[in-house]
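The sequence shown runs 23 to 338 under my numbering.
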Amino acid sequence: MELLPPALSPAEGLVLQDGIYLGVSKKVLAQAYLIARKVFFKNQNDLSLHSPTLGATDIILLFDPEHLTAANYRKKRLVELHQEPSEHSNIKAALNEEIYFVTSILTSPLHRQSKSPTLWYHRLWLLNFAFDHKLCNRPLDERPQNYARQMLNPVFKSGEQHPKNYYAWQFARNMLLPMQKLPGNGAKTIWETWFDEFLLTCATTVSDWCCRHPSDTSGWSYLIFLLPKLRTLEHRTMIIKEILEFAIHLHCRQESLWIFIRTVLADETISHERYPLIMQLKAYAKKQCAIKYSSEPESDSYVTQAIRWIDLYKHT
């Protein structure tokens, strides 16, 4: 879904469609919102499967992603469907449609919608609802690599639409909570192995994304959150080493990247393995000092600042 500029108004009809993509002018969406709002408040107690109120909330949330009443109606409708025995066959389909709808808004090139706390919380609620009532495929039924990308791709896309998207990355933190509940059927060892692989895929995928978006401090903060959860020191060290070498090789100057590097090297995330990396960083700083970029006097200020910060705050 995308808002069209006035010059691209469709010649016929109200929307412009290209495959799965829809474009609508802001004027048309605003007019649709006024009508949808009337329909919603007239029928907001109708929770049936084919209620016109549901379609009205589609338009309301497209226009105003912080419309909490519309989002709560959609939650209430799913709870009602789950509690109604005659609708048990429809609840999974309704839940999947709801997840698809919310994800499509969050990943659309709409500035406000991609960073909407209401919509990101709604997506988290849907995830918890699905886990709590066993309405989704078990994670163990899928490869951890595929499941990690499926969970993180909306976060990545929203982070590209709206850089430093705090709400998207907060969702990524909270999505781990329902998954940390161990199964009660004696499959503890199998689950722990699966979850370790899932976390490793999350960390490596996020690391790759952050290196492509080195100024995104929210992405780096999430990676700092994720690294201590990796079971093996080897995997944590490998990821941090690759990022440090990336920063050195490309002479990166993004402050967010160097804040990440100084934080993980000062912390005990990789224990004694950090000391060779600190020495590598100091050797790079010394080399850059010897070169003395006269035309760019601030080119390595973040490197020297990072070293001073590490020396001052590192845990011994």
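Note that the Cβ used here is the ideal one computed from N, Cα and C, for glycine as well.
Using a threshold of 8 Å, state whether the C-beta atoms of residue i and residue j are closer than that.
i, j, result
"residue 237", "residue 276", "yes"
"residue 346", "residue 332", "Nothing about residue 346 can be reported from this structure: the residues present for the chain run from 23 to 338 only."
"residue 226", "residue 258", "no"
"residue 162", "residue 127", "no"
"residue 103", "residue 71", "yes"
"residue 300", "residue 287", "yes"
"residue 343", "residue 193", "This structure leaves residue 343 out entirely; the chain is present only between 23 and 338."
"residue 180", "residue 136", "yes"
"residue 24", "residue 41", "no"
"residue 4", "residue 52", "Outside the shown range of the chain, which is 23 to 338, sits residue 4, and nothing can be said about it."
"residue 176", "residue 138", "no"
"residue 140", "residue 170", "no"
"residue 200", "residue 149", "yes"
If you follow the alpha helix (DSSP H) that residue i is in, where does it begin and where does it stop?
i, result
"residue 222", "210–234"
"residue 40", "Taken as a continuous stretch (DSSP letters only), residue 40 belongs to no alpha helix (DSSP H), being part of the beta strand (DSSP E) at 37–40."
"residue 130", "Neither: residue 130 is in no alpha helix (DSSP H) and is coded neither H nor E."
"residue 98", "90–105"
"residue 249", "Per DSSP, residue 249 belongs to no alpha helix (DSSP H) and is neither H nor E."
Thinking C-alpha only, which one of the options is nearest residue i?
i, options, result
"residue 124", "81, 272, 166 and 61", "81"
"residue 202", "122, 188, 217 and 146", "217"
"residue 66", "143, 52, 91 and 254", "91"
"residue 186", "241, 164 and 229", "241"
"residue 295", "263, 132 and 249", "263"
"residue 265", "250, 282, 251 and 328", "282"
"residue 269", "233, 289, 198 and 253", "233"
"residue 173", "272, 223 and 62", "223"
"residue 261", "273, 48, 248 and 272", "248"
"residue 155", "165, 308, 43 and 114", "114"
"residue 95", "197, 144 and 198", "144"
"residue 198", "37, 157 and 153", "153"
"residue 215", "171, 166 and 235", "166"
"residue 305", "50, 171 and 325", "325"
"residue 267", "73, 302 and 107", "302"
"residue 253", "243, 235 and 219", "219"
"residue 164", "251, 196 and 213", "213"
Which class does residue i belong to by DSSP, given the choice of helix, strand or coil?
i, result
"residue 47", "strand"
"residue 71", "coil"
"residue 256", "helix"
"residue 201", "helix"
"residue 310", "helix"
"residue 343", "The question about residue 343 has no answer, for the chain in this structure spans 23 to 338."
"residue 87", "coil"
"residue 294", "helix"
"residue 273", "coil"
"residue 33", "coil"
"residue 138", "coil"
"residue 186", "coil"
"residue 237", "coil"
"residue 196", "helix"
"residue 156", "coil"
"residue 164", "coil"
"residue 66", "coil"
Where does residue i land, buried or exposed, given buried means 16+ other C-beta within 10 angstroms?
i, result
"residue 30", "exposed"
"residue 99", "buried"
"residue 130", "buried"
"residue 323", "exposed"
"residue 37", "exposed"
"residue 190", "buried"
Which residues bound the beta strand (DSSP E) around residue i?
i, result
"residue 26", "24–26"
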